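Enquirer: Numbers in the numbering used here are just positions in the sequence shown, counted from 1, shifted up by 3.
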Amino acid sequence: MYLVSEERLEKMKSILNTRQNTLRVFMDYVFSSHNLSAIVRTCDAVNVGKLYYRHQRKVRLNNEITMGAHKWIFHEYVEDIEEFYKSIKKEGYQVVVTLLDEETVDFREVDYTKPTLIVLGNEVDGASDISIKYADKKVIIPMYGMSQSLNVSVANAVILYEAQRQRAAKGMYDTPSLPQELIEKTLKKWAYDDIIEKELRRVRHKPKN
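1) For the 8 angstroms Cβ check, are there 3 or more pairs between the stretch 88 to 103 and the stretch 119 to 126?
2) Please give me, in chain order, every unbroken run of the beta strand (DSSP E) with length at least 3 that falls completely inside the stretch 17 to 67.
3) What do you reckon, are the CB atoms on TYR96 and THR25 nearer than 9 angstroms?
4) Let me know the secondary structure DSSP gives TYR115 once reduced to three states.
5) Measure the alpha-carbon distance for ASP104 versus TYR55 and round it to whole angstroms.
6) Counting C-beta neighbours from all protein chains within 10 Å, is the total for ASP255 16 or more, i.e. buried, or is it exposed?
7) Taking the C-alpha atoms as reference points, what is the distance between SER17 and THR189?
8) State yes or no: is the C-beta of ARG57 within less than 9 angstroms of the C-beta of MET15?
9) Between PHE87 and the rest of its own chain, which residues show a CB-CB distance below 6 angstroms, the 5 nearest in sequence each way excluded?
10) According to DSSP, is THR189 helix, strand or coil?
11) Helix or strand or just coil, what does DSSP make of LYS89?
12) Mind the definition here: the stretch 105 to 116 touches the stretch 127 to 145 only if three or more C-beta pairs lie below 8 angstroms; say whether that holds.
13) On the three-state DSSP scale, how would you describe ILE121?
14) Quick check on LYS14: does DSSP put it in helix, strand or coil?
Structural data, given as structure tokens:
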């Protein structure tokens, strides 16, 4: 028993059943609150499997930008980046890094239906040397104006929607990719958190006598 409305429960189930477990994003020292928040919201919209991150300093998400999307995304802090890349590649993921480099290919040339980790470098220095070292694909978004590159959160959206297009065309949103046990466990957690949040809102807005 989940104690949430049937409509709300069905929405949660739909999210988990279409979650792309093998499409993941890693924010490599992205430090702008605005960019972080926009990336989180796009990851939710495309329904990526997991969002990884590492920061040199504490960064706050902007709730007005995320619109609560951060509550529904699986996320994980990366402590040891070298071990992280070794592990992700051992699981069969291709590492796709956004980069301005002579070896880059058009981002649309990548097959995102394969298990894929998209790496986003920070706003000043781009991808770290260690991310470039482990890259299987270095991609670029073609630019025809004066600017050399897009804002990191915009670049993330452009690449993720190409990944979504490819995966949708292959029917990958039609079949659950998460283990059933994880779906059930997450449903219970989301339903519980949803009830707690509603109760907290009710208490906050309760008229004072």
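Note that beta-carbon positions come from the ideal geometry of N, C-alpha and C, so glycine has one too. Note that the structure is a prediction, hence the values are computed from the model and not measured.
Expert: On the basis of the data shown:
1) With a cut-off of 8 angstroms, the stretch 119 to 126 and the stretch 88 to 103 count as touching, because enough Cβ pairs lie within range.
2) 23 to 31, 51 to 57
3) yes
4) coil
5) 24 angstroms
6) The question about residue 255 has no answer here: the residues shown for the chain are numbered 4 through 212.
7) 12 angstroms
8) no
9) VAL81
10) helix
11) helix
12) yes
13) strand
14) Helix.
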